[in-house]
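Q:
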Amino acid sequence: MKITWFLRAACAVAIAATGISAAAQEKTGNKPGFTLAPGTARIVLMRPTIWVGEQSTAGMPEPNADWTTQARENIARALADAQTGLGNVVISYDEDASGEGALVAEYSHLFGAVAESVIEYQFFSGNRLPTKKRKDSFDWGVGNGIAGLKSLEGGDYALFINVHDEYGSTGRKILQIVSMFAPGAGVSSGVHKGHAGLVDLKTGELVWLNADWEMGGDVRTAEGAAKRVRQLLEGFPGRPAEAPAEGE
Amino acid sequence: MTRLLIGLSMGLAAMSPAAANSLVSAGPRPNIAGSSFSAAPVDEWNRLSRKDGKNVEIWTRDGDQLNKVTFFGGIPSGKPLVREIDKKRQPLPKVAADMLITDIPVMLESTYRIQYAVSQMDIDSQEPATLGGHKAIRFTYRFAREDDGVRRKGEAIGAFVGGKLYLVTYEAPALYFFDKDVEKYRKLAATLAL
Amino acid sequence: MRHLSRFALCGAGSILALLGPSPASGAEPGLELPTYTRAYEPRTVDERGVWMEADEAERGLRDSPLRIREAGLEAYLREVLCREVGTERCAGVRIYAMEIPGFNASMMANGTMQVWSGLLLRSRSEAELAAVLGHEFAHFELRHSLTGFQQRRRATDAIAWIGVWGALTNRDTSSTQSIIERGIYRYGREQETDADLLGLQYAALSGYPASTPSEVWKNLMAEEDASAAGRNQKPKQKYTAGYFDSHPTHLKRSIYLAEAAAKMPPGGDARAKEYRAAMAPYLPRFLAAQIKRNDFGGTEHILQSLAADSGWGPDLLFARAELYRTRGNPRDLQVAAQYYREARAAGYMGAELDRNLGLALLRNGQADEGRQSLNAYLTAMPEASDAKMIRALVAN
Numbered sequence: 001m002k003i004t005w006f007l008r009a010a011c012a013v014a015i016a017a018t019g020i021s022a023a024a025q026e027k028t029g030n031k032p033g034f035t036l037a038p039g040t041a042r043i044v045l046m047r048p049t050i051w052v053g054e055q056s057t058a059g060m061p062e063p064n065a066d067w068t069t070q071a072r073e074n075i076a077r078a079l080a081d082a083q084t085g086l087g088n089v090v091i092s093y094d095e096d097a098s099g100e101g102a103l104v105a106e107y108s109h110l111f112g113a114v115a116e117s118v119i120e121y122q123f124f125s126g127n128r129l130p131t132k133k134r135k136d137s138f139d140w141g142v143g144n145g146i147a148g149l150k151s152l153e154g155g156d157y158a159l160f161i162n163v164h165d166e167y168g169s170t171g172r173k174i175l176q177i178v179s180m181f182a183p184g185a186g187v188s189s190g191v192h193k194g195h196a197g198l199v200d201l202k203t204g205e206l207v208w209l210n211a212d213w214e215m216g217g218d219v220r221t222a223e224g225a226a227k228r229v230r231q232l233l234e235g236f237p238g239r240p241a242e243a244p245a246e247g248e
Numbered sequence: 001m002t003r004l005l006i007g008l009s010m011g012l013a014a015m016s017p018a019a020a021n022s023l024v025s026a027g028p029r030p031n032i033a034g035s036s037f038s039a040a041p042v043d044e045w046n047r048l049s050r051k052d053g054k055n056v057e058i059w060t061r062d063g064d065q066l067n068k069v070t071f072f073g074g075i076p077s078g079k080p081l082v083r084e085i086d087k088k089r090q091p092l093p094k095v096a097a098d099m100l101i102t103d104i105p106v107m108l109e110s111t112y113r114i115q116y117a118v119s120q121m122d123i124d125s126q127e128p129a130t131l132g133g134h135k136a137i138r139f140t141y142r143f144a145r146e147d148d149g150v151r152r153k154g155e156a157i158g159a160f161v162g163g164k165l166y167l168v169t170y171e172a173p174a175l176y177f178f179d180k181d182v183e184k185y186r187k188l189a190a191t192l193a194l
Numbered sequence: 001m002r003h004l005s006r007f008a009l010c011g012a013g014s015i016l017a018l019l020g021p022s023p024a025s026g027a028e029p030g031l032e033l034p035t036y037t038r039a040y041e042p043r044t045v046d047e048r049g050v051w052m053e054a055d056e057a058e059r060g061l062r063d064s065p066l067r068i069r070e071a072g073l074e075a076y077l078r079e080v081l082c083r084e085v086g087t088e089r090c091a092g093v094r095i096y097a098m099e100i101p102g103f104n105a106s107m108m109a110n111g112t113m114q115v116w117s118g119l120l121l122r123s124r125s126e127a128e129l130a131a132v133l134g135h136e137f138a139h140f141e142l143r144h145s146l147t148g149f150q151q152r153r154r155a156t157d158a159i160a161w162i163g164v165w166g167a168l169t170n171r172d173t174s175s176t177q178s179i180i181e182r183g184i185y186r187y188g189r190e191q192e193t194d195a196d197l198l199g200l201q202y203a204a205l206s207g208y209p210a211s212t213p214s215e216v217w218k219n220l221m222a223e224e225d226a227s228a229a230g231r232n233q234k235p236k237q238k239y240t241a242g243y244f245d246s247h248p249t250h251l252k253r254s255i256y257l258a259e260a261a262a263k264m265p266p267g268g269d270a271r272a273k274e275y276r277a278a279m280a281p282y283l284p285r286f287l288a289a290q291i292k293r294n295d296f297g298g299t300e301h302i303l304q305s306l307a308a309d310s311g312w313g314p315d316l317l318f319a320r321a322e323l324y325r326t327r328g329n330p331r332d333l334q335v336a337a338q339y340y341r342e343a344r345a346a347g348y349m350g351a352e353l354d355r356n357l358g359l360a361l362l363r364n365g366q367a368d369e370g371r372q373s374l375n376a377y378l379t380a381m382p383e384a385s386d387a388k389m390i391r392a393l394v395a396n
């Protein structure tokens, strides 16, 4: 288990050295024709997968608990603000005394598998499935069994967030600059990726998913988190257009 | 712990370009898995370009993590079901000419435990069936891998024909996906011929 | 450019110097308190980071489908750990029993311990289990997750710098990089030895025999040799670890542990009987999983080593029959049938014995006897989930 860390760091260097870097990639999928139910939507924020740390000189990820805690708080607050602006309410998931911890964890893992499939087989070219290439098709979900969960009662939608940030350490930045003089040894600094998805708690359908491999906004600050949340919520389904003004 | 993180990062990073996956439209389909297996699917499927073995072919609707039909087309005596990752330290069980039909689920389970870090697996029901006119076994099972928190269910039909193993499996997460697509698999399995 | 490369060379050189023998335990300022102190809070940036990851990973373990939730098992494992390391040390530990057939237990920085079913299967007494748990606890007490992480960061940083320097000066730096890489593995081996020796100190105070930790490694070596022999490979035990081994060799460990133990009080009861009683409900399931690993030699060794301790009881005889039936050579099928019958005679009650005996006989061409056994199974379990299939086999 310990050695794998090392191999991973070594891989990071190898990838950087061969100059392959993920091109700016951002993609959103919406269930066609879906709009948020009218009125105030109650959105349950599932325990977000948030990881914030530093990237060592060699590219090894170094977890930073303080930054992660800041990011957790900042993102939750920015999400609540953003949704309040849209007229929605965000509640953090609480297992409470439901005893549903393991089942909800399994739904979260299932959502993870669905999100990975959307990203791999629909969003990005390379490994797309022919049936997922078609225009205006976005047919994914975790099933309506989720509607039966007591601990999610009272929510209209579940919001899943996954954010991974590695800020380049000073050493990494210097290495990046020095490497510019070295042909064939391109070194990238920092990793900032994330995805967010919204599941309709009545039907279990995935109504929206947004994935981005190169995100902006420093999640360690309130302003940065607000920017990150704006990017994460790219394409977030709005409500039906306001009724046209009378007389039109 | 590390495994989880690596899994995550691989999930996002494993988008290296490969030969394209192809569409399986409704209608007759001969020579599946490089063998005499044929079928006439009623629904659309995607055939993955990925190969887990010489005579192995994978079809899916939404991605192999969510629903997966695997054809093992005539695995001969002395060969494993899928390509071995580590012949020396993790050798897989091999097909044997004198195997009973009830050895098919046992062999699948053992292969999964060794190759895919499946540390929980139970064979549930087993009943007689026919596959392309040959005596076959139909069985159902459940399993969980060490490296993800999703429990999966499976259903399969297999037979020995001319000393070779022919087997088709359908697998999906126990939550939602298995039931969503099992009928599509059964319709497909009903058209199998050899 | 020339200036730059000289600078890079210096940088790389001084980083190399930093990599010398590093302190084994975290004597870093701020880290004087032991990790097992009640409600300990991580102190430094690195330590908080490592704990945060452990906290997330622990949530995963807690909710994992592989966790063995049956009443009592995790509580029993905790009792064994507490006996080994003392109540003060074990107070803050959470133990998760996982159904994974490998020989392993591990501990994360925040006091989460996972114990795999493969370790529970192979242990023959509380003392053997405790030796492994104590070793893992020693990693925890010595903050090895943290210091190992810091050491890997230092080393990989140096490798990255040297790589860029090589690219700048168009030199092959792979041998220098490889030296540092070996340092990472050597550091890992030093951590293992430190944990072994601290673990032994717990054992000596626990009342379990001080000689047990050395025995555990001997037995694991014997299993690996048996496993290799079963696959027609050469046994691989050696005294010196390779450059890229993360652990000292089992042989070396068993020897230095035995030497150190000889200088300690011998200790008392290994509590083998208590251990067998506690594992009895799980033994059939753990054995069944082991048999499906396609490791005839290793599995046969495990069975023999368990039997040497407890005698060939019905569960072990049945497992041995299953092992031979699974390998499936004609001679194996004959031997399997014999073991099934011995298991029955020793008091094995389950009806699946008749089914599997019948299948072994059928596969071996003894059709009439085979059908007789299968019929006995069907009479006992007419509604079994595989009854239809077995009925079809009998009818053929």
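Protein chains in written order, with UniProt numbering: chain A, 1 to 248; chain B, 1 to 194; chain C, 1 to 396. For each residue, glycine too, the CB sits at the ideal point set by N, CA and C. If you're wondering where the values come from, they're calculated on a predicted model, not measured in any experiment.
1. Strictly by DSSP, which residues pair up with residue 104 of chain A?
2. Mind checking whether residue 348 of chain C and residue 320 of chain C have CB atoms under 8 Å apart?
3. What did DSSP end up calling residue 411 of chain C once you bin it into helix, strand or coil?
4. What does residue 113 of chain A reach in chain C if we use C-beta pairs closer than 7 Å?
5. Within 8 Å of any Cβ in chain C, is that where the Cβ of residue 203 of chain A sits?
6. Hey, how far is the Cα of residue 153 of chain B from the Cα of residue 207 of chain C?
7. Ordered along the chain, which non-local residues of its own chain (more than five positions away) have a Cβ less than 6 Å from that of residue 285 of chain C?
8. Please decide whether residue 158 of chain B counts as near chain A, where near means a Cβ-Cβ distance under 8 Å.
9. Assess contact between the stretch 295 to 315 of chain C and the stretch 135 to 146 of chain C, defined as three or more Cβ pairs (one per stretch) separated by less than 8 Å. Is contact present?
10. I'd like to know whether the C-beta of residue 113 of chain C is nearer than 8 Å to at least one C-beta of chain A.
11. Do we get a CB-CB distance below 8 Å when we pair residue 352 of chain C with the residues of chain B?
12. Residues of chain C with CB closer than 8 Å to the CB of residue 46 of chain A, please, in chain order.
13. Pull out every residue of the stretch 163 to 181 of chain A whose Cβ sits closer than 8 Å to any Cβ of chain C, in chain order.
14. Give me the DSSP bridge partner(s) of residue 98 of chain C.
15. Just to confirm the assignment, what range does the alpha helix (DSSP H) spanning residue 67 of chain A have?
16. Considering only the alpha carbon of each residue, which of C:283, C:117 and C:159 lies closest to residue 68 of chain C?
17. Inspect the CB distances between the stretch 163 to 175 of chain B and the stretch 123 to 131 of chain A and report whether three or more fall short of 8 Å.
18. Between residue 101 of chain B and the rest of its own chain, which residues show a CB-CB distance below 6 Å, the 5 nearest in sequence each way excluded?
19. I need the boundaries of the alpha helix (DSSP H) containing residue 80 of chain C, first residue and last residue.
20. For residue 361 of chain C versus residue 345 of chain C, is the C-beta spacing smaller than 8 Å?
21. Can you check whether the C-beta of residue 74 of chain A is within less than 8 Å of a C-beta belonging to chain C?
22. Output the boundary residues of the beta strand (DSSP E) element that contains residue 145 of chain B.
23. For the stretch 170 to 257 of chain C, which segments carrying the alpha helix (DSSP H) assignment without a break, of at least 4 residues, lie completely within its bounds, in sequence order?
24. So if I threshold CB-CB distances at 9 Å, which residues from the stretch 45 to 57 of chain C count as touching chain A?
25. Put residue 234 of chain A into one of helix, strand or coil per three-state DSSP.
26. Of the choices A:170, A:211 and A:226, whose alpha-carbon is the least far from that of residue 218 of chain A?
27. For residue 125 of chain B and residue 172 of chain B, what's the separation of their Cα atoms in angstroms?
28. Along chain C, in chain order, which residues have C-beta atoms closer than 7 Å to that of residue 114 of chain B?
29. Work out the CA separation of residue 60 of chain B and residue 236 of chain A for me, nearest whole Å.
30. What does residue 22 of chain B touch in chain A if you count any residue whose Cβ is under 8 Å from its own?
31. State yes or no: is the C-beta of residue 216 of chain C within less than 8 Å of the C-beta of residue 105 of chain C?
32. State the CB to CB distance for the pair residue 48 of chain B and residue 81 of chain B, rounded to an integer number of angstroms; the pair is presumed to be in contact (CB under 8 Å).
33. Where does the unbroken alpha helix (DSSP H) through residue 362 of chain C begin, and where does it stop?
34. Looking at residue 40 of chain A and residue 87 of chain A, is the spacing between their C-beta atoms short of 8 Å?
35. What in chain A is Cβ-close to residue 153 of chain C, meaning under 7 Å?
36. Using 8 Å as the limit for Cβ to Cβ distance, is residue 161 of chain C near chain A?
A: According to the structure data:
1. Paired residue(s): none; residue 104 of chain A is not in a bridge.
2. no
3. The requested residue 411 of chain C is not part of the displayed model; chain C covers only 1 to 396.
4. The contacting residues do not exist; residue 113 of chain A stays about 14 Å from chain C at best.
5. no
6. 47 Å
7. none
8. no
9. no
10. no
11. no
12. Residues of chain C passing the Cβ test: none, with the nearest at roughly 13 Å.
13. 171, 175, 178, 179 and 181
14. C:67 and C:116
15. 65 to 85
16. C:117
17. no
18. 137
19. 73 to 85
20. no
21. no
22. 134 to 145
23. 174 to 206 and 212 to 230
24. 45, 46, 47, 48, 49, 50, 51, 52, 53, 55 and 56
25. coil
26. A:226
27. 17 Å
28. 293 and 294
29. 29 Å
30. 130
31. no
32. With 8 Å as the limit, residue 48 of chain B and residue 81 of chain B do not qualify as a contact, their Cβ atoms being about 17 Å apart.
33. 352 to 363
34. yes
35. 56, 60 and 62
36. yes
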